[in-house]
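**Student:**
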Amino acid sequence: GDSVTQMEGPVTLSEEAFLTINCTYTATGYPSLFWYVQYPGEGLQLLLKATKADDKGSNKGFEATYRKETTSFHLEKGSVQVSDSAVYFCALGSSASKIIFGSGTRLSIRP
Amino acid sequence: DVKVTQSSRYLVKRTGEKVFLECVQDMDHENMFWYRQDPGLGLRLIYFSYDVKMKEKGDIPEGYSVSREKKERFSLILESASTNQTSMYLCASSLNSGANVLTFGAGSRLTVL
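The listed protein sequences correspond, in order, to chains R and V.
If you count by the numbering used here, then the first sequence holds residues 999 to 1109, one letter each, in order.
If you count by the numbering used here, then the second sequence holds residues 41 to 153, one letter each, in order.
1) When DSSP labels each residue in this structure, what does T1069 of chain R get in the three-state scheme?
2) Where do the N-terminal and C-terminal ends of the beta strand (DSSP E) with G1039 of chain R fall, by residue?
3) Out of V:A121, V:G103, V:T55 and V:W74, which one is the CA nearest neighbour of L142 of chain V?
4) Which value, in whole angstroms, describes the spacing of the CA atoms of Q125 of chain V and V152 of chain V?
5) Could you tell me whether the Cβ atoms of R113 of chain V and E70 of chain V are closer together than 9 Å?
6) Can you check DSSP and say which residues form a bridge with K97 of chain V?
7) Nearest chain V C-beta to I1097 of chain R closer than 9 Å, yes or no?
8) If I follow the unbroken beta strand (DSSP E) through T1026 of chain R, where does it start and stop?
9) Going along the chain, which residues of its own chain have a beta-carbon closer than 8 Å to the beta-carbon of V1009 of chain R, five neighbours each way excluded?
10) Helix, strand or coil, according to DSSP, for V1009 of chain R in the structure here?
11) Checking 9 Å against the spacing of the C-beta atoms, do S105 of chain V and L116 of chain V come in under that value?
So, in structure tokens, the structure goes:
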């Protein structure tokens, strides 16, 4: 069945470091791919999405490219800030009911 | 902005009690969902609903039921709470069919003693 695998955390970086959080997926067909972020004490919110191969989603300095050939959707940011500390979830959606989340990666940024 | 409101942020209940978790969305979304979030397991779908009075089981429905009497409200019910249902419960909604963006509530942290 469909599944999402993302790198385990926690990930700790210094401010202004480069960030990569790996995400790979297994799916039949051509799902949409998402990154959601959960700040402390809050629910999840959409960070970015891509709906077809080679699409690049971007928001708040974060980017991810839908790579069909490697079944990946890695999240990157060139220079992280303390305010980026949160839990990040990769997800895929093939229908309204089949939205599958990865286990989440906790990111902590040191000033 | 779409808003999804979960009525209780924190609840403490005793084993065997009946628990109601309420969720309301204000943007006329068709779909509503209940997930539970546990460390290392990500989000797991309990139940979802495409329309009023309609419900479908998700991946882990055992021990739970739901009610959707009005389009904007989706309730999760634990008929007889158990300690293994201690978790964070997240309600979400989305516009219509297809893999649309989910809008989440802030979550309800339930502790069952």
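The beta-carbon is built from N, C-alpha and C at its ideal position, and this holds for glycine as well.
Predicted model only: the values in this text are computed from it and were never measured.
**Tutor:** Taking the structure as given:
1) Here the question's residue 1069 of chain R lines up with position 71 in the first sequence. Coil.
2) What you label residue 1039 of chain R is simply residue 41 of the first sequence in a count that begins at 1. Segment: none, G1039 of chain R is in no beta strand (DSSP E) and carries neither H nor E.
3) Counted from its first residue, the second sequence places residue 142 of chain V at position 102. The residue among V:A121, V:G103, V:T55 and V:W74 with its C-alpha nearest the C-alpha of L142 of chain V is V:W74.
4) Taking the first residue of the second sequence as position 1, residue 125 of chain V is located at position 85. Taking the first residue of the second sequence as position 1, residue 152 of chain V is located at position 112. Roughly 7 Å between the two C-alpha positions.
5) Position 73 of the second sequence holds residue 113 of chain V. Position 30 of the second sequence holds residue 70 of chain V. Not in contact: R113 of chain V and E70 of chain V (Cβ atoms no closer than 9 Å).
6) Counting from 1 along the second sequence, the entry for residue 97 of chain V is found at position 57. DSSP lists V:Y87 as partners of K97 of chain V.
7) Position 99 of the first sequence, counting from 1, holds the residue named residue 1097 of chain R. Yes, its Cβ sits closer than 9 Å to a Cβ of chain V.
8) Numbered from 1 along the first sequence, position 28 holds the residue referred to as residue 1026 of chain R. Segment: none, T1026 of chain R is in no beta strand (DSSP E) and carries neither H nor E.
9) Locating residue 1009 of chain R in the first sequence gives position 11, where the first residue counts as 1. L1017, I1019, T1103, R1104, L1105 and S1106.
10) Counting from one through the first sequence, the residue named residue 1009 of chain R turns up at place 11. In the structure shown, V1009 of chain R sits in a strand (DSSP, three-state: E or B).
11) For this step, residue 105 of chain V is matched to residue 65 along the second sequence. For this step, residue 116 of chain V is matched to residue 76 along the second sequence. Yes.
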